[in-house]
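Sequence positions in the sequence shown follow my numbering and run 18 to 311.
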Amino acid sequence: MKTSQSEFVTLRGYRYHLRTWGVPDAPLLVMLHGWGDVAATWQFVIDEFAHEWRIVAPDLRGFGQSQGNNSTYWFADYVADLDALLEHLSPDAPVKLVGHSLGGNLVSLYAGVRPERVTRLVNLEGTGLPPHPPEMAPARMANWLNALREQDQGKFPWFKSYATYAEFATRLKRDNPRLTDERADFMAANLGEVKADGTIGLAADVHHRVDSPNLYKVEEYMATWRKITAPVLMITGAHSFLFSRFFGKDAPEYRRRIECFQGIEEIMLEHSGHNMHHDEPERVAQLIEEFMLR
18 MKTSQSEFVT LRGYRYHLRT WGVPDAPLLV MLHGWGDVAA TWQFVIDEFA
68 HEWRIVAPDL RGFGQSQGNN STYWFADYVA DLDALLEHLS PDAPVKLVGH
118 SLGGNLVSLY AGVRPERVTR LVNLEGTGLP PHPPEMAPAR MANWLNALRE
168 QDQGKFPWFK SYATYAEFAT RLKRDNPRLT DERADFMAAN LGEVKADGTI
218 GLAADVHHRV DSPNLYKVEE YMATWRKITA PVLMITGAHS FLFSRFFGKD
268 APEYRRRIEC FQGIEEIMLE HSGHNMHHDE PERVAQLIEE FMLR
């Protein structure tokens, strides 16, 4: 297992935890995790890299060891945090970005907003949420208000807790049967934290469980994706819940979104689900390096 270092930086007034691998003078690769994940689980992919990189992976705001809002999360804050991180890491040169799920949505949005700051982009299933028609707006706002009221009353949709890290690892394997025992144990140790009552819970701000009152307006994201000038590689998993639950791999809605990316390359991994960096890290590492080193 390749050795990583842990450091903390302040971005926009928030304490951010960064996980780093490699040597300072190697090419920079910035990697962003998905919802409910942390930077450390990129370890499986990084262990398979054949080339030398300077890798920086943050715990996104409110996940892992990074400071949270303790209130509603707004996607624009993630974009601004990434902008601040890249100014900290590479103020004078554009960067190579990798993102999974939430992180994939983030890096793609950023690459459209600041196209001059991104040279290459690998997106692991960051193609947005299902369409939110305007008719959803009243219920969405009402649900958010109800969540705020429940918080004031001491009620909240807390993350599930576990008696031990081993029990947490068992749950991770139940959710994703493709995980090996070794990877499940590693993930449990890095995703979990000891709570005040001694149980093990997800290292994440519970407010991530509450949807924002804003609707997901896919047309705004699509307009931004069209502004990306960097080459894009989209990696998907054949067994991903996103395609079965949301819009289907070959459905018109998915194709409509993918066509916004100019010159995109698509690769599907036949033995992976949504978390392909946990399922087939060897193949993911190979694809990332081949694409980034062109």
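Positions of the beta carbon are idealized from the N, C-alpha and C atoms, including for glycine.
All values reported here derive from a predicted model rather than from experimental measurement.
To which residues of the same chain is residue i closer than 6 Å at the C-beta, ignoring the five residues directly before and after it?
i      : result
Tyr127 : Val96 and Leu99
Gly332 : Lying before the first or after the last residue shown, residue 332 is absent from the chain, which here runs from 18 to 311.
Glu236 : none
Asp76  : His34, Val55, Ala56, Gln82 and Ser83
Thr253 : Glu142 and Met285
For residue i, which three-state DSSP category applies?
i      : result
Arg274 : helix
Gln303 : helix
Ile63  : helix
Ser261 : helix
His105 : helix
Asn292 : coil
Leu165 : helix
Val96  : helix
His224 : helix
Leu126 : helix
Met239 : helix
Residues in its own chain within less than 7 Å of residue i by CB, not counting five upstream and five downstream?
i      : result
Val26  : Tyr33, Leu35 and His105
Glu199 : none
For residue i and residue j, which I take to be in contact (beta-carbon distance under 8 Å), what is that distance rounded to the nearest angstrom?
i      : j      : result
Phe263 : His291 : At roughly 11 Å, the Cβ-Cβ gap does not stay under 8 Å, so Phe263 and His291 are not in contact.
Arg247 : Leu138 : One point to set straight first is that residue 247 is Ala, not Arg, in the sequence displayed. Contact holds; Cβ gap of about 5 Å.
Lys113 : Met309 : 5 Å
His50  : Trp38  : Wrong, their Cβ atoms sit about 14 Å apart, outside the cutoff.
Gly53  : Ala221 : 6 Å
Ser107 : Trp161 : Contact doesn't hold; Cβ gap of about 37 Å is too wide.
Phe176 : Leu219 : 4 Å
Val115 : Met158 : The Cβ separation is near 35 Å, so there is no contact.
Are the CB atoms of residue j and residue i within a distance shorter than 7 Å?
i      : j      : result
Val62  : His294 : yes
Phe185 : Ile217 : yes
Asn207 : Val55  : yes
Arg134 : Pro111 : yes
Ser83  : His224 : no
Ala201 : Lys190 : yes
Glu306 : His117 : no
His288 : Glu299 : no
Arg226 : Pro147 : no
Out of the options, state which residue places its alpha-carbon closest to the alpha-carbon of residue i.
i      : options                          : result
Ala302 : Arg29, Glu65, Gln60 and Glu24    : Glu65
Arg347 : Gly79, Val40 and Phe92           : Any question about residue 347 goes unanswered here, given that the chain covers just 18 to 311.
Leu304 : Asp202, Asn140, Pro44 and Ala201 : Asn140
Lys234 : Phe173, Leu196, Arg78 and Pro150 : Pro150
Phe278 : Pro132, Gly120 and Lys212        : Pro132
Met153 : Asp42, Ser21 and Leu232          : Leu232
Thr187 : Met239, Gly209 and Tyr271        : Gly209
Going by beta carbon distance, what residues of the same chain come within less than 8 Å of residue i, once the five residues before and after it are set aside?
i      : result
Ile275 : Thr144, Met251, Ile281 and Glu283
Pro31  : The sequence shown places Tyr at residue 31, not Pro. Excluding positions up to five away in sequence, the list reads Arg78, Ser83, Gln84 and Asp98.
Arg273 : Met239
Is any non-hydrogen atom of the ligand NAP found closer than 6 Å to the C-beta of residue i, if you look at the structure I gave you?
i      : result
Ala183 : Summarising the ligand content, the structure contains no ligands, and the ligand NAP is consequently not present.
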